[in-house]
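Protein sequence lines, in the order shown, are assigned to chains E and D. The first sequence lines up with residues 1 to 276 when you count with the UniProt record's numbering. The second sequence lines up with residues 1 to 174 when you count with the UniProt record's numbering. Ideal Cβ placement from N, Cα and C applies to all residues, glycine included. This structure is a prediction, so every number in the text was calculated from the model and none was measured. Written below as C-alpha cells is the structure these notes are about.
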Amino acid sequence: AVTVGPEEGEPGDDTDTTELLGGQRRPRSFWTFEYYQAFFDVDTHQVLERIKGSVTPLPGKNFVRHRLRNNPDLYGPFWICATLVFALAVSGNLSHLTEKQASPTYHYSPQFHNVTIAATLIYCYAWLVPLALWGFLRWRQSHGAGAYSFLETVCVYGYSLSAYIPTAVLWLIPAAWLQWLLLAVAALLSASVLALTFWPLVRADGRATTLAVVAAVVSLHTLLAVGCKLYFFQQPPSASPAPSPFHTTVGAEGLHSHAPQLPGTNISLLGTHPVR
Amino acid sequence: MRDLKAVGKKFVHVMYPKKSSALLRDWDLWGPLVLCVSLALMLQGGSADSKDDGGPQFAEVFVIIWFGAVVITLNSKLLGGTISFFQSLCVLGYCVLPLTVAMLVCRLVLLAGSGTVSFIIRLIVVVAMFGWSTLASTAFLADSQPPNRKALVVYPIFLFYFVISWMILTFTPQ
C-alpha cells in the first residue's frame, strides 16, 4: 500500500484525498525517493507467488495480467539476478573442484573473476533484452501489436530467470545427461511462460512477426542457459581423449571437447617422440 | 578515547546481540571501516595460477562489502523500513565482526596445514560465524521492517554474509 504521510514541501495540497479516490497512484517526481518505493510495493507472499508463476506456464493465464496486475516490482528481478550470479559462480567453482580433484597437478583457485563476468552477463540480459523487446513492441504498436510498460517487461524477464537458480545448483551433479535434461526442463518452463506472456501482444500483428518474436524470446533465453553452463562449469568427462595439462590450466572449459588438437603438442604428450 | 570506547561497546553488542536502541541511535562507521580493511587485507596473498584466476583483490572485497551494504540498506528502505540509512550501514558493517574473527581463525588453521581436517575445521568455523553474523544483524534490523516483508529484507542480508563467508572459506594460501 502506498504510505500516506507528510509530503515534503507541498503545503495546502490534498494529497490524502487524491490518493484514496479512485485507487490510483499519484505520479511522483522522478527525483523523489517515493517514486522508487512504488517499485518495491510487494509483500513476501506476493514475491513467492510470482516466482511460482514464472515456472508454471498456464495457457490461459498471462504472467503480466494474472500475477503482476498493474503492480510490477523491481525487488524480484534485482535479487533473483543477484542470486543467480552467485549461484553460477559458486556452483561453477565447486564443479571444477569435484571434477579435477583426482588430477595431481590440480591446484584449487576460487576463480573470483567469474563473479564479475556472471554479474555483467546476467544483468545485461535482464535489462537489455527487455529493453529491446519493449522498444520493438512499442514500434509495432501502430501495426496492431500491444505493449506492456517497460517495468512489466523487465519484471517478467527477471522472474523468469528464477528457474535457472536451482538448475545452476543441481549442475553440480556430474552426470552430463542429467545436466542437459535439467537445462532443457528449466529453459522450457521459463521460456514458455515468456512466450505465453508476449504471444497475445503480437498475435494481431501478423503471423511472421508473431513467430519471429516468440522464436527470438525462446532462443535467447535458452542460449543464455547454454552459455552459462559451458562457460562456468567444468564439463563432466564423456568419451574424450585423456586430458592434457594444457586443458587443466586454461579456464575456457567451453572448448574442452572441441579444442583443436595441435599436432606438435599431441605427439609429445602421448609419449611418441618426433622424428628428428 | 570516547570514540574508541563507543566502537568497543558496539563490538561487544555484536558478539552478544540483544535489542538495544541505544546502539542504533549512536551510529558510527569507524568499526565497519576497520573490519572491512582488516578482512580485505587478510584475504590477500591468496594463490593464483594466472593473475585473474585467483581470489578477490583488495578493491573487490572493499567494493563488495560497502556496495553490498548500501544496496541492502536501500532495499530495506524501499520496502518501507523505518531505519535510517547510516544506522543500517553501521549495523551491517559491525556484524561483519564474527566473519573477520572466522578469517583470522582460518588463517591460523591454514598455517598448521591445508588438508581435509583443516578444511573441516574451517568449514565449521565459517558456517558458525556466518550464522552468528546473520542472526546478529537480523536481531537489530528486523524490528524496523513492516511485518509482512521481513523475509524480503532478511534474504539479501543472508546472501551478503553468504558471499563474504564464501570468500573466506575459499581462501587458499600460496
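Practice prompt. Tell whether a beta-carbon distance below 8 Å holds between residue 172 of chain E and residue 230 of chain E.
Written response: No, these two residues do not count as a Cβ contact at 8 Å.
Worksheet item: In angstroms, rounded to a whole number, what distance separates the CA positions of residue 278 of chain E and residue 8 of chain D?
Response: Because chain E spans 1 through 276 in this model, residue 278 of chain E falls outside it and cannot be assessed.
Item to complete: Compile a chain-ordered list of the residues in the stretch 58-79 of chain E whose CB is closer than 9 Å to at least one CB of chain D.
Response: Cβ contacts with chain D: 74, 75, 78 and 79.
Practice prompt. Taking a Cβ distance cut-off of 8 Å, strictly less, list which residues of the stretch 30-48 of chain E are near chain D, in chain order.
Written response: Listed by position along the chain: 33, 36, 37, 39, 40, 42, 43, 44, 45 and 47.
Worksheet item: Counting contacts by CB-CB distance shorter than 8 Å, is residue 83 of chain E in contact with chain D?
Response: Yes, because at least one Cβ of chain D sits closer than 8 Å to the Cβ of residue 83 of chain E.
Worksheet item: Taking any Cβ of chain D, which residues in the stretch 98-129 of chain E have a Cβ under 9 Å from it, in chain order?
Response: Going along the stretch 98-129 of chain E in chain order, one finds 107, 108, 109, 110, 111, 112, 113, 115 and 116 with a Cβ nearer than 9 Å to chain D.
Worksheet item: At a Cβ threshold of 8 Å, is residue 90 of chain E touching chain D?
Response: It does; some Cβ of chain D falls within 8 Å.
Discussion item. For a contact defined as C-beta to C-beta under 9 Å, what are the partners of residue 86 of chain E on chain D?
Written reply: Residues of chain D whose Cβ lies closer than 9 Å to the Cβ of residue 86 of chain E are, in chain order, 159, 162, 163 and 166.
Worksheet item: Do you know offhand how far residue 106 of chain D's Cα is from residue 74 of chain D's?
Response: If you take the alpha carbons of residue 106 of chain D and residue 74 of chain D, they lie about 32 Å apart.
Discussion item. Buried or exposed for residue 128 of chain D, going by 16 or more other Cβ atoms inside 10 Å?
Written reply: Exposed: under 16 other Cβ atoms inside 10 Å.
Worksheet item: Is the stretch 64-78 of chain E touching the stretch 39-54 of chain E, taking contact as three or more C-beta pairs under 8 Å?
Response: Touching, yes, given that three or more Cβ pairs across the two stretches are closer than 8 Å.
Worksheet item: With 8 Å set as the bound, which would you pick, yes or no: does the beta-carbon of residue 49 of chain D sit closer than that to a beta-carbon of chain E?
Response: Residue placement at residue 49 of chain D is poorly supported in this model, since its pLDDT is 45, which falls under 50; the coordinates still yield a value, given next. For residue 49 of chain D, at least one C-beta of chain E is nearer than 8 Å to its own C-beta.
Fill in: Listed by chain order, chain E residues near residue 79 of chain D by CB distance under 9 Å
Close to residue 79 of chain D, with beta-carbon spacing below 9 Å, are these residues of chain E in chain order: 37, 40, 41, 42 and 75.
Item to complete: Report yes or no: do three or more beta-carbon pairs, one from the stretch 98-113 of chain D and one from the stretch 124-140 of chain D, lie closer than 8 Å?
Response: In short, these stretches touch, since the Cβ pair count reaches three.
Worksheet item: Expressed to the nearest angstrom, what Euclidean distance is found between the alpha-carbon atoms of residue 134 of chain D and residue 95 of chain D?
Response: A direct Cα-Cα distance of roughly 8 Å separates residue 134 of chain D from residue 95 of chain D.
Fill in: Alpha-carbon to alpha-carbon, residue 83 of chain E and residue 97 of chain E
Answer to the nearest angstrom: the Cα atoms are 21 Å apart.
Practice prompt. Have a look at residue 126 of chain E and residue 3 of chain D and give me their C-alpha separation to the nearest angstrom.
Written response: Taken atom to atom, the span from the alpha-carbon of residue 126 of chain E to that of residue 3 of chain D is near 45 Å.
Worksheet item: What residue range is occupied by the uninterrupted alpha helix (DSSP H) comprising residue 90 of chain D?
Response: Counting along the chain, the alpha helix (DSSP H) containing residue 90 of chain D begins and ends at 85-94.
Discussion item. What would DSSP say about residue 263 of chain E, mapped onto helix, strand or coil?
Written reply: Because residue 263 of chain E sits at a pLDDT of 46, beneath the cut-off of 50, its placement in the model cannot be relied upon, and the following sentence gives the value as read from the coordinates. Three-state DSSP puts residue 263 of chain E in a helix.
Discussion item. Considering just the uninterrupted stretch of the alpha helix (DSSP H) at residue 37 of chain E, what are its terminal residues?
Written reply: Note, residue 37 of chain E: alpha helix (DSSP H), 33-37.
Item to complete: Pull up the CB-CB distance for residue 86 of chain D and residue 30 of chain D, whole angstroms please, since I reckon it's below 8 Å.
Response: By a beta-carbon distance limit of 8 Å, residue 86 of chain D does not contact residue 30 of chain D. Their separation comes to about 12 Å.
Worksheet item: Who are the Cβ neighbours of residue 89 of chain D in its own chain at under 8 Å, not counting the five residues just before and after it?
Response: The beta carbon of residue 89 of chain D lies closer than 8 Å to those of 27, 29, 32, 69, 70 and 73 in the same chain, with the five residues before and after it left out.
Item to complete: Please go through the same chain and pick out, in chain order, the residues whose beta-carbon is closer than 6 Å to the beta-carbon of residue 270 of chain E, but skip the five residues on each side of it.
Response: Residue confidence for residue 270 of chain E is low, a pLDDT of 43 falling below 50, so the modelled location carries little weight; the figure read from the coordinates is stated next. Once the five neighbours on either side are set aside, residue 270 of chain E has no close Cβ partner at all.
Fill in: Spatial neighbours of residue 162 of chain E in its chain, beta-carbon cut-off 6 Å, leaving aside the 5 residues before and after
51, 54 and 80.
Item to complete: With a floor of 4 residues, list each alpha helix (DSSP H) that falls wholly inside the stretch 40-84 of chain E, ordered by position along the chain.
Response: You should have 44-53.
Practice prompt. Could you say which of E/221, E/68, E/66 and E/32 lies nearest to residue 78 of chain D if we only look at CA atoms?
Written response: Nearest option by C-alpha distance: E/32.
Worksheet item: Tell me which same chain residues have a C-beta within less than 6 Å of the C-beta of residue 111 of chain E, skipping the five on either side of it?
Response: Cβ neighbours of residue 111 of chain E beyond the five flanking positions: 93.
Worksheet item: In this structure, does DSSP put residue 107 of chain E in helix, strand or coil?
Response: Three-state DSSP puts residue 107 of chain E in coil, outside helix and strand.
Discussion item. So, with DSSP's three-state summary, where would you put residue 235 of chain E?
Written reply: Residue 235 of chain E: coil per DSSP, three-state reduction.
Worksheet item: Rounded to the nearest angstrom, how far is the Cβ of residue 123 of chain D from that of residue 169 of chain D, given a contact under 8 Å?
Response: The pair is a contact, with the Cβ atoms about 7 Å apart (cut-off 8 Å).
Fill in: Cutoff 8 Å: residue 149 of chain D Cβ touching any chain C Cβ
Of the chains in the structure shown, none is chain C; the protein chains are E and D.
Discussion item. Can you check which of these residues, E/58, E/100 and E/91, is closest to residue 166 of chain E by C-alpha distance?
Written reply: Ranking E/58, E/100 and E/91 by Cα distance to residue 166 of chain E puts E/91 first.
Practice prompt. Kindly indicate if chain E contains any beta-carbon less than 8 Å away from that of residue 173 of chain D.
Written response: Taking Cβ atoms only, chain E never reaches closer than 8 Å to residue 173 of chain D, which makes this a no.
Worksheet entry | Under 8 Å from the C-beta of residue 39 of chain D: neighbouring residues of chain E | Contact note: residue 39 of chain D does not reach chain E at a C-beta cutoff of 8 Å; the least C-beta distance is about 14 Å.
Worksheet item: What did DSSP end up calling residue 244 of chain E once you bin it into helix, strand or coil?
Response: Below a pLDDT of 50, predicted positions are generally treated as unreliable, and residue 244 of chain E, at 45, falls in that range; no measurement from the model is reported.
Worksheet item: Are the beta-carbon atoms of residue 63 of chain E and residue 156 of chain E separated by less than 8 Å?
Response: Yes, the pair counts as a contact, with Cβ atoms nearer than the cut-off.
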